[in-house]
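Working notes, beginning with the structure itself.
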Amino acid sequence: MNSATFITLRTTRLTLRQLSIDDQQNILTLRADPEINKYLDRQPSKTIGDAINFINKVNENIEKHIALYWAITLTETKTFVGTICLFDFSNEKNSCEIGYELMPKFQRQGIMKEAAQAVINYVFQTLKLKKILALTHCDNQNSSNLLAKLNFVKSIENDKENPSLNIFTLAKQN
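Every position in the sequence shown, counted from 1, becomes a number in this note's numbering once 1 is added.
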């Protein structure tokens, strides 16, 4: 990734901003949720310390230009509802990968579609990349449906390292 500085993104009802230590309880809640973790290959967060370490690592990765990671909040109430990130930037493939998580009580309200569209626009218009990848568990129908609504195309082949992951791609339209 080039040395683009982190920017806050805004949509009609959402603000996508950088994580802060003040988000520790929300990050713990999000990363400890069994429903969210069901399809993710990671250890659930167990303590506030885990959440703080995660926030510090995320912000370190932003400073090193390894990843971009936004807290998704409702603009009017500043309520934390989830996260969305870009990582695995590839100059030779002119691509990156997208990932996202949404608190269960905010799912099925079009929030992630709105947040993801803002991030997709940022990738294509500001970062000038040509392709976005998304890997989602084959049983995670909500994520697969979201990617389809965003015009990602499902690959015929699954991920070589983890065959239970479907690969989706969104290429920039000229």
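Beta carbons are placed, not taken as given, at the ideal position from N, Cα and C, and that holds for glycine.
Would you mind working out which of the options sits nearest residue i, comparing C-alpha positions?
{"i": "Y40", "options": "Q110, S165, I28 and L171", "result": "S165"}
{"i": "T170", "options": "I157, K161, F153 and N159", "result": "F153"}
{"i": "E158", "options": "S144, F55, N57 and C139", "result": "C139"}
{"i": "A135", "options": "L128, I56, R11 and S144", "result": "S144"}
{"i": "Y101", "options": "A72, V124 and N92", "result": "A72"}
{"i": "K173", "options": "L130, L151, Q142 and K150", "result": "L130"}
{"i": "F107", "options": "T48, L151, L29 and L15", "result": "L15"}
{"i": "N163", "options": "D42, F125, I28 and I22", "result": "D42"}
{"i": "D23", "options": "N175, I85 and F55", "result": "F55"}
{"i": "D89", "options": "L103, M113 and V124", "result": "V124"}
{"i": "L31", "options": "L103, E93, Q110 and I112", "result": "L103"}
{"i": "G50", "options": "I28, S156, E61 and R11", "result": "I28"}
{"i": "L128", "options": "D160, A52, N92 and I112", "result": "N92"}
{"i": "N175", "options": "A149, E61, Q126 and K150", "result": "Q126"}
{"i": "T80", "options": "L17, G111 and I168", "result": "L17"}
{"i": "N122", "options": "K94, L151, S156 and I67", "result": "L151"}
{"i": "V82", "options": "M113, D160, A149 and I67", "result": "M113"}
Could you tell me the boundaries of the beta strand (DSSP E) in which residue i lies?
{"i": "T16", "result": "L15 to Q19"}
{"i": "A68", "result": "From DSSP, A68 is part of no beta strand (DSSP E); its letter is neither H nor E."}
For the alpha helix (DSSP H) containing residue i, list its first residue and its last residue.
{"i": "F55", "result": "I49 to E64"}
{"i": "L31", "result": "Q25 to A33"}
Rounded C-beta distance between residue i and residue j? I'm assuming under 8 Å.
{"i": "S96", "j": "I37", "result": "The pair is not a contact, with the Cβ atoms about 25 Å apart (cut-off 8 Å)."}
{"i": "L87", "j": "V120", "result": "7 Å"}
{"i": "E77", "j": "T13", "result": "In fact, because the Cβ distance is near 11 Å, the residues do not count as touching under 8 Å."}
{"i": "I63", "j": "F7", "result": "5 Å"}
{"i": "A117", "j": "L69", "result": "In fact, because the Cβ distance is near 13 Å, the residues do not count as touching under 8 Å."}
{"i": "I46", "j": "A33", "result": "For the record, residue 46 in the displayed sequence is Ser; it is not Ile. S46 to A33, Cβ: 5 Å. Contact."}
{"i": "A52", "j": "Q25", "result": "4 Å"}
{"i": "N167", "j": "K155", "result": "6 Å"}
State the beta-bridge partners of residue i as determined by DSSP.
{"i": "F169", "result": "A135 and K155"}
{"i": "R11", "result": "T16"}
Checklist entry - In chain order, which alpha helix (DSSP H) runs of at least 4 residues are fully inside the segment 100-157? => result 112-122 and 142-150
Checklist entry - At which residue ranges does the segment 73-102 contain complete beta strand (DSSP E) runs of 3 or more residues, listed in the order of the chain? => result 81-91
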